[in-house]
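Data first, discussion second: the structure below is written as structure tokens.
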Amino acid sequence: MVEDAVKTYQNKIINANREQLLIITYELFMSEIDKSIEAINNEDEDTFNQCMTKVHKLHRELTDTLDMSYEISRYLLSLYIYMNKKMIEASIQFNLEPLIEVKKLANILLDGFKEAAKGQNSKSLIKNSQKLYAGLTYGKGTLNETIINEVESRGFKA
Numbered sequence: 001m002v003e004d005a006v007k008t009y010q011n012k013i014i015n016a017n018r019e020q021l022l023i024i025t026y027e028l029f030m031s032e033i034d035k036s037i038e039a040i041n042n043e044d045e046d047t048f049n050q051c052m053t054k055v056h057k058l059h060r061e062l063t064d065t066l067d068m069s070y071e072i073s074r075y076l077l078s079l080y081i082y083m084n085k086k087m088i089e090a091s092i093q094f095n096l097e098p099l100i101e102v103k104k105l106a107n108i109l110l111d112g113f114k115e116a117a118k119g120q121n122s123k124s125l126i127k128n129s130q131k132l133y134a135g136l137t138y139g140k141g142t143l144n145e146t147i148i149n150e151v152e153s154r155g156f157k158a
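Structure representation (structure tokens):
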């Protein structure tokens, strides 16, 4: 199951444009928050700490991608700083409430970014990637994948 999720995200990332990468980062951020909340409910501090490490890394990525030449980025930075404060509070106190608040804020931002991304049709950021199409064909319930635009060299050669 985990391998399938990793492959799904890999394919999404390979074909994603800038807006879609932001949305994927938010989805991963919220997924890790959910895992952290579940760890608190199960009173599993080790899993909680591992998940919160990932939450902080994803939050840092969201913060680092802000383009400060836009006024709205300064407002988002203020919100991200507040969210970071709440995440630290949750980490120190092993407390559920700050994480729930962060999740609500992140969900609102995710909805806004999804709506804003609808009007954007920029190209994929990764060049020389293979296009992967998957779907059911005329076989007996099997999933076949087809690779289009096979590229002999997709990166640096050693």
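For the sequence shown, the positions run 1 to 158 when UniProt numbering is used. C-beta atoms are modelled at their ideal positions from N, C-alpha and C, and glycine is treated no differently. As the structure is a computational prediction, the values presented were derived from the model and not from experiment.
- Message: For residue 38, tell me which candidate among 109, 110, 97 has the shortest Cα-Cα distance.
- Response: Ranking 109, 110, 97 by Cα distance to residue 38 puts 97 first.
- Query: Should the stretch 62-80 be called in touch with the stretch 5-15, which here means at least 3 C-beta pairs below 8 Å?
  - Reply: Result no; under three Cβ-Cβ pairs closer than 8 Å.
- Message: With a threshold of 8 Å on Cβ separation, who are the neighbours of residue 106 within its own chain once the five nearest residues in sequence on each side are excluded?
- Response: Excluding residues within five positions, the ones whose Cβ falls inside 8 Å are 26, 29, 30, 33, 83.
- Query: Alpha carbon to alpha carbon, how far is residue 94 from residue 86?
  - Reply: Roughly 11 Å between the two C-alpha positions.
- Item | Three-state class that DSSP yields for residue 118 in the structure shown | Three-state result, residue 118: coil.
- Message: Under DSSP, the alpha helix (DSSP H) around residue 73 begins and ends at which residues?
- Response: For residue 73, the uninterrupted alpha helix (DSSP H) segment begins and ends at 71-93.
- Message: Whole angstroms are fine: how far does the CA of residue 59 sit from the CA of residue 45?
- Response: If you take the alpha carbons of residue 45 and residue 59, they lie about 20 Å apart.
- Query: Would the beta-carbon of residue 52 fall within 7 Å of that of residue 78?
  - Reply: Cβ atoms of residue 52 and residue 78: not closer than 7 Å.
- Message: Given this structure, state the Cα-to-Cα distance separating residue 61 from residue 4, to the nearest angstrom.
- Response: C-alpha separation (whole angstroms): 24 Å.
- Would you call the CB atoms of residue 80 and residue 63 closer than 7 Å? Annotated as proximal: residue 80 and residue 63, with beta-carbon spacing under 7 Å.
- Message: Comparing C-alpha positions only, which one of 68, 19, 90 sits nearest to residue 102?
- Response: The residue with the shortest Cα to Cα distance from residue 102 is 90.
- residue 16: buried (16+ other C-beta within 10 angstroms of its C-beta) or exposed? Burial call: buried.
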